[in-house]
Amino acid sequence: MEMDMKVAIIGGTGRAGQEISAELARRGHQVTAIARHPEKAVQHAAITAVAGDVNHPEALVAAITGHDVVVSAVMFSDTDPASLVDVVRQSGVPRYLVVGGAASLEVAPGVPLISTPEFPKEYLPEASRGKAFLDYLRGVDDIDWTYVSPSVFFFVGPRTGRFRLGTDQLLSDADGKSSISFADYAIALVDEIETPRHSRQRFTVGY
Numbered sequence: 001m002e003m004d005m006k007v008a009i010i011g012g013t014g015r016a017g018q019e020i021s022a023e024l025a026r027r028g029h030q031v032t033a034i035a036r037h038p039e040k041a042v043q044h045a046a047i048t049a050v051a052g053d054v055n056h057p058e059a060l061v062a063a064i065t066g067h068d069v070v071v072s073a074v075m076f077s078d079t080d081p082a083s084l085v086d087v088v089r090q091s092g093v094p095r096y097l098v099v100g101g102a103a104s105l106e107v108a109p110g111v112p113l114i115s116t117p118e119f120p121k122e123y124l125p126e127a128s129r130g131k132a133f134l135d136y137l138r139g140v141d142d143i144d145w146t147y148v149s150p151s152v153f154f155f156v157g158p159r160t161g162r163f164r165l166g167t168d169q170l171l172s173d174a175d176g177k178s179s180i181s182f183a184d185y186a187i188a189l190v191d192e193i194e195t196p197r198h199s200r201q202r203f204t205v206g207y
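Written out as structure tokens, the structure is:
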């Protein structure tokens, strides 16, 4: 995979977006951080902040055109998968990665976390939209997409570089805790950008 890629991040100023931006810049890639409040982007010579909004698809197409990869790091409640996929399609960007959610991961065969009785009710609206986004992507065969699910506890913490990858099953540590820091999640996602292993698939990262 070529190095020094141009990567656009929609939602580049959120916690995941900022860590992914920083990780990409650390590795020598050129980053365009697109957000409604571009002034909140990570300050780095390799990061260019651009104003953009998922509700203005034409401007978004223009902002991401010419990049090698686009990453979507926005809240699912703010997005429509068909609209975002169409933006990527129109831009001609060949690869699309989505910062996913943990709710669609399986805790037992065929049993997603979101369907378990203990799933917190307050997270249901966002989690349901995240699962629907993945379901939509699974029907898309003309774009090279990857959906990257974090573990349940997605937190601001250290960049350790020590984590595990999985596919559709929830990852938990020896104590039964399912967690990943934004910084370590960013490493896994940027690894996937540099060396694609999950084309048109979902994978997950956790400790």
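In the UniProt record's numbering, the protein residues as written are 1 to 207.
C-beta atoms are modelled at their ideal positions from N, C-alpha and C, and glycine is treated no differently.
Residue i versus the options, residue with shortest Cα-Cα distance
i	options	result
residue 78	116, 115, 35	35
residue 57	25, 202, 69, 82	82
residue 3	17, 29, 22	29
residue 22	111, 65, 156, 44	44
residue 72	26, 50, 148	148
residue 188	172, 205, 175, 166	205
residue 26	186, 196, 195	186
C-beta contact flag for residue i and residue j at 8 Å
i	j	result
residue 154	residue 182	yes
residue 50	residue 24	no
residue 95	residue 69	yes
For residue i, the residue or residues it bridges with in DSSP
i	result
residue 166	204
residue 31	7, 47
residue 179	153
residue 144	95
residue 109	Bridge partners of residue 109: none, in fact.
Buried or exposed by the 16-neighbour rule on C-beta atoms within 10 Å, applied to residue i
i	result
residue 184	buried
residue 5	buried
residue 124	exposed
residue 178	buried
residue 37	exposed
residue 158	exposed
residue 32	buried
residue 156	exposed
residue 110	exposed
residue 169	exposed
residue 176	exposed
residue 52	buried
At least three beta-carbon pairs within less than 8 Å, the region 123-133 to the region 92-112: yes
Quick check: the region 139-147 against the region 193-204, are there 3 or more CB pairs under 8 Å? yes
Hey, is the region 111-121 in contact with the region 84-92, meaning 3+ C-beta pairs nearer than 8 Å? no
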